[in-house]
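Those protein sequences? They're chains W and G, same order as listed. Here the first sequence is numbered in my numbering, starting from 1 and rising by one per residue. Here the second sequence is numbered in my numbering, starting from 1 and rising by one per residue.
Number of protein chains: 2
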Amino acid sequence: MHGEIIATGTELISGRVTDTNSPYAAARLHDAGLVLQCITILGDEVALFQETLHQALQRSQFIIITGGLGPTEDDITVAAAAQTLNLPLRLDDYLLQRIKDCLKVRGLPWEERYGRLALVPEGAVILDPGGTACGFSLKYGNTWLYFLPGVPEQMQMLFDLFVLPPLLSLASGGQSVCQRTLRMFGLTETQLEVLLDKICKDNPMVSVGLYPNFPENHLCLTIRGPEPRVLEATLDRLTQDLAEAAGDALLGTDAVTLEELVGKKLRAQRLTLAVAESCSGGLISHRLTNVPGASDYFMGGVVTYSNQAKMELLQVPPETLDHYGAVSAETARAMALGVKELFHTPVALAVTGIAGPSGGSPEKPVGTVYIGLGLPDQVQTRHCLFHGNREQIKTLTAQTALDWLRRELQHDSHLSGH
Amino acid sequence: MHGEIIATGTELISGRVTDTNSPYAAARLHDAGLVLQCITILGDEVALFQETLHQALQRSQFIIITGGLGPTEDDITVAAAAQTLNLPLRLDDYLLQRIKDCLKVRGLPWEERYGRLALVPEGAVILDPGGTACGFSLKYGNTWLYFLPGVPEQMQMLFDLFVLPPLLSLASGGQSVCQRTLRMFGLTETQLEVLLDKICKDNPMVSVGLYPNFPENHLCLTIRGPEPRVLEATLDRLTQDLAEAAGDALLGTDAVTLEELVGKKLRAQRLTLAVAESCSGGLISHRLTNVPGASDYFMGGVVTYSNQAKMELLQVPPETLDHYGAVSAETARAMALGVKELFHTPVALAVTGIAGPSGGSPEKPVGTVYIGLGLPDQVQTRHCLFHGNREQIKTLTAQTALDWLRRELQHDSHLSGH
Chain W
1 MHGEIIATGT
11 ELISGRVTDT
21 NSPYAAARLH
31 DAGLVLQCIT
41 ILGDEVALFQ
51 ETLHQALQRS
61 QFIIITGGLG
71 PTEDDITVAA
81 AAQTLNLPLR
91 LDDYLLQRIK
101 DCLKVRGLPW
111 EERYGRLALV
121 PEGAVILDPG
131 GTACGFSLKY
141 GNTWLYFLPG
151 VPEQMQMLFD
161 LFVLPPLLSL
171 ASGGQSVCQR
181 TLRMFGLTET
191 QLEVLLDKIC
201 KDNPMVSVGL
211 YPNFPENHLC
221 LTIRGPEPRV
231 LEATLDRLTQ
241 DLAEAAGDAL
251 LGTDAVTLEE
261 LVGKKLRAQR
271 LTLAVAESCS
281 GGLISHRLTN
291 VPGASDYFMG
301 GVVTYSNQAK
311 MELLQVPPET
321 LDHYGAVSAE
331 TARAMALGVK
341 ELFHTPVALA
351 VTGIAGPSGG
361 SPEKPVGTVY
371 IGLGLPDQVQ
381 TRHCLFHGNR
391 EQIKTLTAQT
401 ALDWLRRELQ
411 HDSHLSGH
Chain G
1 MHGEIIATGT
11 ELISGRVTDT
21 NSPYAAARLH
31 DAGLVLQCIT
41 ILGDEVALFQ
51 ETLHQALQRS
61 QFIIITGGLG
71 PTEDDITVAA
81 AAQTLNLPLR
91 LDDYLLQRIK
101 DCLKVRGLPW
111 EERYGRLALV
121 PEGAVILDPG
131 GTACGFSLKY
141 GNTWLYFLPG
151 VPEQMQMLFD
161 LFVLPPLLSL
171 ASGGQSVCQR
181 TLRMFGLTET
191 QLEVLLDKIC
201 KDNPMVSVGL
211 YPNFPENHLC
221 LTIRGPEPRV
231 LEATLDRLTQ
241 DLAEAAGDAL
251 LGTDAVTLEE
261 LVGKKLRAQR
271 LTLAVAESCS
281 GGLISHRLTN
291 VPGASDYFMG
301 GVVTYSNQAK
311 MELLQVPPET
321 LDHYGAVSAE
331 TARAMALGVK
341 ELFHTPVALA
351 VTGIAGPSGG
361 SPEKPVGTVY
371 IGLGLPDQVQ
381 TRHCLFHGNR
391 EQIKTLTAQT
401 ALDWLRRELQ
411 HDSHLSGH
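Set out below in C-alpha cells:
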C-alpha cells in the first residue's frame, strides 16, 4: 500500500504554523509498515490542490487530505476535490443536523454559510467520533481518500480511530498487526539505542521505532503474524524484558501521561499531594490538574515567587534564605515541609531554581534547580542542572519532579506504613 | 515570484524527524512577500523526485531543494536533478579540493565515494559560506534552483546568506513590501470576517490573511508599492481603523504574548499581581512566569482545589461557600480579596469554575467559570460559559482572565489613583 498526505492551509505555507499532523500520521503509518511516499503542503489555491490531487490519484492507494473543511471562503478542499473527482456535492442531513445542534448548544444563530459544512461528495462516509469534529472517507476507483480537519487534536483523533485501522487491515491481507508504544523518561537517546539494538537482534520479527517527544522518548514496537494472540503475547514479553532492562525509565505502555500515572498511584495509595513552586511557576499544578478528577488527591499548590511569600506562606526560616539562598537544597526542604503543613497532606513536591535567562551565577548557573520531595516520614532533596531556554527548563523541572514522585510511589516502602 | 520547496529524506517521510527547514524558509519568504505555493516532502525515491521537480519547473520561478547532497547511496538529488534538467554532471575541482582538505583536517583517508560530493550539474554556482557545508545554485530557463543540505543549521545558514537576498532583489523589481500581524482575542471568526471584508473593500491594494491560533486569531496585512514610507503609513492607518472597529479585541501588532503585555503594563504602572486559581489549576501563574523578569510584578499564586484551602489560605467565608457554592461570583470575589491580602498586592485575579468532564449540573454546566478581578479600590466579577474539553476550558479561562486584566490596565482609570 502506497499513499500520500496533502496538507492544506495558508498558515502552513506561510511558515506561521508547522504542520504537525503529517509527521504524526507518517510515524504511525511507517511503524505499521505502510509506505508513505510523499507529503504535499499547499495553501488554499484551488488549481494547485486539484493538480496535486490528480497526480496523487495516479500513484497512491490512499490519500489523506487535511484542512479546508471549515465554513469560510478559504475552505476549498471539499468542493475542489468533488470537481476533480467529477462527483456531485450532496447535502448530508445528518451533518446538517449536527451543525445545528452544535450552534444551539453554543447559543449561536444559524447562518447561510454554515450550510457549506454539510456538503460532501456523493459516496462519502461520515467519520464522526461524537465530539465537535467530523471528517469523511471516500472510495474512488482503487484509492481510499480520507478528508480530515486541520486542527491537530481533531485530525489525530480521527486518524487513530478511522484511518489507521482500515488501512492496516487492507494492507496486511490476512495478517494481523500489533503495535505498542512505550513511553520513556530518564535515559539518553544513546542509552535507548543500545537497548533497542539488543531487542532487534533478539527479535528480528519486531520492528522498533524511537521517537524523541520532548521531554520524553517514545519507543514503538510493531509485529505482524497470523495470530493476534501470539503477537500480543510476544509484545507482552518484550515489554517485560524492556521494563527490566530500562528500570524505572519506562513510564508506561499506553497514552497515559506522567501526571495521570502519579494521580493513579496517589489514589490507589489514598495519599494526597500539595505542591510549592518557584521556578516552575505553576506548571506542576497545571499538569496535575489537567487530569479529570485530580481534586481527589491534589489539594492545591502555591507559587512563591518572592522570598517574602516563601517565609509567610511556607514558613521558610529567614536564616535559611539568608544563609543558603532561595535556590538551595535547604530552601527546597523547608518549602516541602511548609506546603505539607499548609495543605495538610502527607506528600508534597517543592521546587526552587533559576529558569533564566538572567539570574544565574558561576556557582548557581541558569538551569540550577533543587527539588524537595516530602513523604509522610521524611523529606528528600535533589540537585539538578538543566540546559535549555526558560520554557524548556520549566518543562524539565516539572517533568523531573513528577517523575521522582512516580518512582517513589512505585517503590512505596516509605508510604506503605501510612 | 512564485516558488516551492522540495524537501528530501527518508527520515522526513517516516515521521522520525519533522522537517523544520521548510517552515523556516516559508516564514521568511512569506514575510518578504514572496509567494511559496507548495512544499513537497519526499523520501529518497529517484522517480518521484524527478516527477516532482519536473512539475515544479512548469509552475515555479524558484525551487529550493533540501537534502540528498551527501556521499551515500541514499543521496540522490544531484544526479537525479541533472538527469531531469538534461545537464551533464561535472567534477568541480574547487569542491574536490575542499573535500580533501576537510578529510585531512579530520584525519580521515580518501575514499572513492567522496568523489560524488564534488559532482554538480553543468552551470552550477557553488554556495560556500566557508564552513563544512556547501550548496549550489543553478539558473534553468526562467527558474532559479537552489540545492541545500538537509541539516537544519546548515540549510538555514545557506538560505539566509545565499537564497533569500537574491530572491528578494529579483522579486521586488523596484517595489517594496510591508507586512503587519495583528493579534486578536474576543471576537469570533465570523465577526472578524465582517471586519476584514470591509477593510478589503475599502483598501483593494492590501491583502489580508486570517489565521486561527487558539485561543487567539491573527490577522496579517500585506501591502506592496514603490515607497516604503507610504506603505508603512497606510498600514498605520489601517491598524488604527481596525483598532477602532475591533475595540479592545486588538491585543497588539507584533509577536508579544498576552502575558508579556500584561507584564509590561503592570511594570509601567508599578503594580504587583497575585493569582488565586481553582479550575485553571496553575495555568495563569504558569503563563505569567513564562515571561523573563516576571518576578518584578508577579508576587505569586495559590491553587486552591479544595474548599478547605479556599477557607484557610484565602479566608473565603464558609457561609459564602455554603450558600453560593465554590463556583460562584461571591466565591470568586472572596478569593480575589483573599489573595490580594495574602501576597500584599494591589491587583489580583481569581478564578473558580468547572473544567469538566464531570462536576457539571443543569444550573452550572461544565465550562461555567467565575472570574474575580481585584483592583486597588474594588473587586469585579464576571460569569463565563466556555465550550470544549478540559484543557480548552482551562486555556480559555486563563486567556479570558489575563485579557480582562489587560483591558482594565489599558483603561487604567481605576488604577491611576494608585
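We put the CB at the ideal spot given by N, CA and C, even for glycine. All of these numbers come straight from a predicted model, not from anything done at the bench.
In terms of residues, what are the limits of the beta strand (DSSP E) holding residue i?
| i | result |
| --- | --- |
| W110 (chain G) | W110 (chain G) -> no beta strand (DSSP E), and no H or E assigned at all. |
| C384 (chain G) | Q378 to L385 |
| Y370 (chain W) | T368 to L375 |
| T289 (chain W) | Element bounds for T289 (chain W): n/a, residue is neither H nor E. |
| L127 (chain G) | V125 to L127 |
| T304 (chain W) | F298 to T304 |
| T40 (chain W) | V35 to L42 |
| L91 (chain W) | L89 to L91 |
Between the Cα of residue i and those of the options, spot the shortest distance and give me the residue it belongs to.
| i | options | result |
| --- | --- | --- |
| L207 (chain G) | G:G135, G:T234, G:R270 and G:I76 | Before going further, note that residue 207 (chain G) is Ser rather than Leu in the sequence given. It is G:T234. |
| A32 (chain W) | W:L168, W:Y94 and W:R116 | W:L168 |
| E341 (chain W) | W:G300, W:L266, W:G359 and W:F214 | W:G300 |
| L34 (chain G) | G:K264, G:V327, G:I223 and G:T253 | G:I223 |
| C102 (chain G) | G:Y114, G:M1 and G:D92 | G:Y114 |
| K198 (chain G) | G:V120, G:A245, G:L95 and G:M157 | G:A245 |
| F136 (chain W) | W:L96, W:V262 and W:Y146 | W:Y146 |
| L409 (chain W) | W:K264, W:L385, W:L161 and W:D93 | W:K264 |
| G374 (chain W) | W:L164, W:Q179 and W:V347 | W:V347 |
| E227 (chain G) | G:L158, G:Q175, G:A79 and G:T352 | G:Q175 |
| H387 (chain W) | W:A276, W:P215 and W:K310 | W:P215 |
| A430 (chain G) | G:T143, G:H30, G:F159 and G:P121 | Residue 430 (chain G) is absent from the model: chain G starts at 1 and stops at 418. |
| L127 (chain W) | W:R116, W:Y94 and W:V230 | W:Y94 |
| H383 (chain G) | G:Q392, G:A350, G:V78 and G:P376 | G:A350 |
| R183 (chain G) | G:T331, G:V256, G:L273 and G:V303 | G:V256 |
| E122 (chain W) | W:R90, W:K104 and W:G130 | W:R90 |
| L251 (chain W) | W:G186, W:E73 and W:Q392 | W:G186 |
| N212 (chain G) | G:D202, G:T190, G:G225 and G:K201 | Checking the displayed sequence, the identity of residue 212 (chain G) turns out to be Pro instead of Asn. Among G:D202, G:T190, G:G225 and G:K201, the Cα nearest to that of P212 (chain G) belongs to G:T190. |
| A401 (chain G) | G:L288, G:E312, G:F343 and G:M311 | G:L288 |
| G67 (chain W) | W:V316, W:L12 and W:L119 | W:L12 |
Could you check where the alpha helix (DSSP H) with residue i kicks off and where it finishes?
| i | result |
| --- | --- |
| Q55 (chain G) | V46 to R59 |
| V319 (chain G) | With the sequence shown as reference, residue 319 (chain G) is identified as Glu, and Val is not the correct amino acid for it. That run of the alpha helix (DSSP H) goes P318 to Y324. |
| S176 (chain W) | No alpha helix (DSSP H) holds S176 (chain W); the beta strand (DSSP E) holding it covers S176 to M184. |
| Q392 (chain W) | R390 to Q410 |
| T132 (chain W) | T132 (chain W) -> no alpha helix (DSSP H), and no H or E assigned at all. |
| L29 (chain G) | N21 to D31 |
Run the CB neighbour count on residue i, radius 10 Å, all protein chains shown included, and call it buried at 16 or more, exposed below.
| i | result |
| --- | --- |
| R28 (chain G) | buried |
| M205 (chain W) | exposed |
| W404 (chain G) | buried |
| D19 (chain W) | buried |
| G141 (chain G) | exposed |
| E111 (chain W) | exposed |
| T181 (chain W) | buried |
| R270 (chain W) | exposed |
| S361 (chain W) | exposed |
| Q154 (chain W) | buried |
| A268 (chain W) | exposed |
| T345 (chain W) | buried |
| R237 (chain W) | exposed |
Identify the residues that DSSP records as bridge partners of residue i: which are they?
| i | result |
| --- | --- |
| I63 (chain W) | W:E4 and W:L145 |
| V347 (chain W) | W:L273 |
| H218 (chain G) | G:R183 and G:Y211 |
| G252 (chain G) | G:R183 |
Quick one: which chain G residues come within Cβ less than 9 Å of residue i?
| i | result |
| --- | --- |
| A27 (chain W) | S14, G15 and R16 |
| S361 (chain W) | Under the 9 Å cutoff, chain G gives no residues; its nearest Cβ is about 16 Å from S361 (chain W). |
Could you name the residues of chain G that residue i contacts, counting a contact when the two beta carbons are closer than 8 Å?
| i | result |
| --- | --- |
| I199 (chain W) | Correct list: empty, because the minimum Cβ distance to chain G is about 17 Å. |
| Q37 (chain W) | I13, L42, G43, E45 and L48 |
What does residue i reach in chain W if we use C-beta pairs closer than 8 Å?
| i | result |
| --- | --- |
| R390 (chain G) | N290 and P292 |
| E227 (chain G) | Those within 8 Å of E227 (chain G) in chain W number zero; the least Cβ separation is about 25 Å. |
Is residue i close to the ligand PLP? I mean its beta-carbon at under 7 Å from any heavy atom of the ligand.
| i | result |
| --- | --- |
| S207 (chain W) | This structure does not include the ligand PLP; it has no bound ligands of any sort. |
Give me the chain G residues within the contact set of residue i, using Cβ-Cβ distance strictly less than 7 Å, ordered along the chain.
| i | result |
| --- | --- |
| C384 (chain W) | In chain order: nothing, as chain G lies at least about 18 Å away. |
| A309 (chain W) | M299, G300 and F343 |
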